[in-house]
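There are 2 protein chains.
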Amino acid sequence: MKGYGKVMSRLDKQMEFIMEVDKIKTINRQTYITGGVRKENDAEHSWHLALMALLLSEYANDDIDVLKTMSMVLIHDMVEIDAGDTYAFDSVGAASKEERELKAADRIFNILPKDQAEYFRKLWDEFEEGETMESKFANALDKIQPILLHNLSDGKSWREHKVTLEQILKRNEFTKDGSASLWDYTKEIIDDHIDKKNIIG
Amino acid sequence: MKGYGKVMSRLDKQMEFIMEVDKIKTINRQTYITGGVRKENDAEHSWHLALMALLLSEYANDDIDVLKTMSMVLIHDMVEIDAGDTYAFDSVGAASKEERELKAADRIFNILPKDQAEYFRKLWDEFEEGETMESKFANALDKIQPILLHNLSDGKSWREHKVTLEQILKRNEFTKDGSASLWDYTKEIIDDHIDKKNIIG
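These protein sequence lines are chains A and B, in that order. For the first sequence, the tail end lands on 201 under this note's numbering, and the numbers increase by one without skipping. For the second sequence, the tail end lands on 1201 under this note's numbering, and the numbers increase by one without skipping.
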């Protein structure tokens, strides 16, 4: 993208980043979209989480900064451009995930001008650490959204991967810390799919 | 989605909306993503615009409320779930576009609880009217983003549709009202693709 614009080195960097992260549209997840027609990608997932952050902020366990939370979820999966999507229940991939993602964060966010690179890196670190209310809520949404979609496609992805209740509960260990009421809601969906034998109880 | 949750009629409506708008992932546009491998859909496009609103707000012609602008772009294409994507240079489709989209807005936003339905409808109306600074900037991003992607895929979509400079300038009549500097930047990309014969000058 470089070379357009006049006194534009800052804008050139921003535009280069905006085009680089277009690649997130090619990173597929294990979640099916509406109708189970195909799997979701990270851009679609991030759009969905930002919308959920906007609509469901009232259910966070404490007050949150909605703009910060939306920004966090918009960028939370960008590291997967280099590191790939590590499926939730892939224990082999999980072992090297942190290292791969840290390296990716170093490269990708640093395409931006320094101030924005630092802001995005801080925001991503905050999401990964999950200590603040915003990051607890963002992490809760990140775990709940695929469950909503799995429900919408009648548990297809759970069945394909022979997922157990134990795996889901482990993965959702901290979901209630973001939102007790959204976790209650989600738990009922899970129970329903145990009854339907889509999740191994 | 109904039936989960305890005293949850409000949350049921919100969740029903969140699942209904998943369909936006199936609405394809005429823009190619990175590498020209396939066309972009509305969810991916909306994610990209929200990110751009966050990163590029400094170039708006006047101060903007970033949260409001991000929210606006996240929802601006939801009406296409019912109305479909009307390609930018489809004059036949354009004639019935407004009516189809108004009907869609009535149905889709009203899935939400009343306060949120009204807020989203107001936000969408504001985007369509393009009178406020936020909506001018959001509309500018909505026009600029496909141009950035067309550039990234070497003008493939412009060539396929035999697009003329006149069509692009007409479509971008108000882009400079959102951001004069982003329009300058974009104009240089357009000029470059006239030189390359990807746009008919």
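Where is the CB? At the ideal position from N, CA and C, for every residue including glycine.
Taking CB distances under 8 Å as the criterion, tell me whether residue i reaches chain A.
{"i": "Lys1039/B", "result": "no"}
{"i": "Gln1116/B", "result": "yes"}
{"i": "Ile1199/B", "result": "no"}
{"i": "Ile1194/B", "result": "no"}
{"i": "Met1072/B", "result": "no"}
{"i": "Asp1077/B", "result": "no"}
{"i": "Leu1148/B", "result": "yes"}
{"i": "Leu1152/B", "result": "yes"}
{"i": "Ile1033/B", "result": "yes"}
{"i": "Leu1169/B", "result": "no"}
{"i": "Ile1018/B", "result": "yes"}
{"i": "Leu1165/B", "result": "no"}
{"i": "Lys1002/B", "result": "In this prediction, Lys1002/B scores a pLDDT of 48, lower than 50, which makes its location untrustworthy; the coordinate-derived value is nonetheless stated afterwards. So, not an interface residue."}
{"i": "Gly1155/B", "result": "no"}
I believe residue i touches residue j by the beta-carbon criterion, under 8 Å. Please report the beta-carbon distance rounded to the nearest angstrom.
{"i": "Ala83/A", "j": "Arg100/A", "result": "4 Å"}
{"i": "Leu1056/B", "j": "Trp47/A", "result": "About 18 Å separates the two Cβ atoms, so there is no contact after all."}
{"i": "Leu152/A", "j": "Ser71/A", "result": "Actually they do not touch by this definition, with Cβ atoms about 26 Å apart."}
{"i": "Asp125/A", "j": "Glu80/A", "result": "Actually they do not touch by this definition, with Cβ atoms about 16 Å apart."}
{"i": "Asp1085/B", "j": "Thr34/A", "result": "No, Asp1085/B and Thr34/A are not in contact; Cβ-Cβ is about 16 Å, not under 8 Å."}
{"i": "Ser1179/B", "j": "Ala1117/B", "result": "Their Cβ separation, rounded to whole angstroms, is 30 Å, which puts Ser1179/B and Ala1117/B out of contact at 8 Å."}
{"i": "Lys176/A", "j": "Glu134/A", "result": "Wrong, their Cβ atoms sit about 16 Å apart, outside the cutoff."}
{"i": "Glu1044/B", "j": "Glu44/A", "result": "6 Å"}
Of all the options the options, which has the alpha carbon lying nearest to the alpha carbon of residue i?
{"i": "Glu278/A", "options": "Leu149/A, Ile144/A and Phe109/A", "result": "Any question about residue 278/A goes unanswered here, given that chain A covers just 1 to 201."}
{"i": "Glu1128/B", "options": "Ile1033/B, Lys1097/B and Trp1047/B", "result": "Lys1097/B"}
{"i": "Arg171/A", "options": "Arg10/A, Lys156/A and Ile190/A", "result": "Ile190/A"}
{"i": "Asp142/A", "options": "Trp183/A, Lys156/A and Lys162/A", "result": "Trp183/A"}
{"i": "Phe17/A", "options": "Leu1165/B, Glu1020/B, Asp1090/B and Gln1145/B", "result": "Gln1145/B"}
{"i": "Gly201/A", "options": "Gln167/A, Asp177/A, Lys176/A and Thr69/A", "result": "Gln167/A"}
{"i": "Gly155/A", "options": "Lys197/A, Leu67/A and Gly130/A", "result": "Lys197/A"}
{"i": "Thr164/A", "options": "Lys176/A, Thr132/A, Asp195/A and Tyr185/A", "result": "Asp195/A"}
{"i": "Ile199/A", "options": "Phe174/A, Ser157/A and Gln14/A", "result": "Ser157/A"}
{"i": "Leu112/A", "options": "Ala1060/B, Leu1054/B and Val1092/B", "result": "Leu1054/B"}
{"i": "Glu1160/B", "options": "Leu1051/B, Tyr1032/B and Ala1105/B", "result": "Tyr1032/B"}
{"i": "Asp1065/B", "options": "Ala1050/B, Asp1077/B and Ser1091/B", "result": "Ala1050/B"}
{"i": "Leu11/A", "options": "Glu1058/B, Ala1105/B and Gly1130/B", "result": "Glu1058/B"}
{"i": "Ala1214/B", "options": "Gly1093/B, Phe1120/B and Thr1186/B", "result": "As shown, chain B starts at 1001 and ends at 1201. That puts residue 1214/B outside it, with no answer to give."}
{"i": "Phe1202/B", "options": "Glu1131/B, His1193/B, Asp1090/B and Ile1024/B", "result": "The structure shown has nothing for residue 1202/B, since chain B only spans 1001 to 1201."}
{"i": "Arg1029/B", "options": "Phe1089/B, Lys1136/B and Phe1109/B", "result": "Phe1089/B"}
{"i": "Ala138/A", "options": "Lys25/A, Thr186/A and Met52/A", "result": "Met52/A"}
{"i": "Phe109/A", "options": "Ala95/A, Ser9/A, Tyr87/A and Met78/A", "result": "Met78/A"}
{"i": "Ile27/A", "options": "Ile1024/B, Val1037/B, Glu1020/B and Met1019/B", "result": "Val1037/B"}
{"i": "Ala60/A", "options": "Ser181/A, Thr186/A, Asp192/A and His193/A", "result": "Ser181/A"}
{"i": "Asp63/A", "options": "Gln14/A, Lys114/A, Lys136/A and Ile147/A", "result": "Lys136/A"}
Residue i CB to nearest chain B CB: under 8 Å?
{"i": "Thr132/A", "result": "no"}
{"i": "Tyr185/A", "result": "yes"}
{"i": "Thr26/A", "result": "yes"}
{"i": "Lys23/A", "result": "yes"}
{"i": "Ile111/A", "result": "no"}
{"i": "Gln14/A", "result": "yes"}
{"i": "Leu11/A", "result": "yes"}
At a threshold of 7 Å, does residue i count as lining the ligand NAD (C-beta to nearest heavy atom)?
{"i": "Ala1095/B", "result": "Ligands in the displayed structure: none, and consequently the ligand NAD is not present."}
Inside the region 125-158 of chain A only - alpha helix (DSSP H) runs reaching at least 4 residues: 133-152
In chain order, each alpha helix (DSSP H) run of at least 4 residues that lies wholly inside the region 1084-1125 of chain B: Considered as a whole, the region 1084-1125 of chain B harbours 1091-1109 as its complete alpha helix (DSSP H) runs of no fewer than 4 residues, in chain order.
Contained alpha helix (DSSP H) runs [length at least 4] in the region 1057-1087 of chain B, N- to C-terminal order: Taking only runs of at least 4 residues, the alpha helix (DSSP H) segments lying wholly in the region 1057-1087 of chain B are 1066-1075 and 1080-1083.
Contact set between the region 1044-1070 of chain B and chain A, restricted to residues whose Cβ is under 8 Å from the partner: Glu1044, Ser1046, Trp1047, His1048, Ala1050, Leu1051, Met1052, Leu1054, Leu1055, Leu1056, Tyr1059, Val1066, Leu1067 and Met1070
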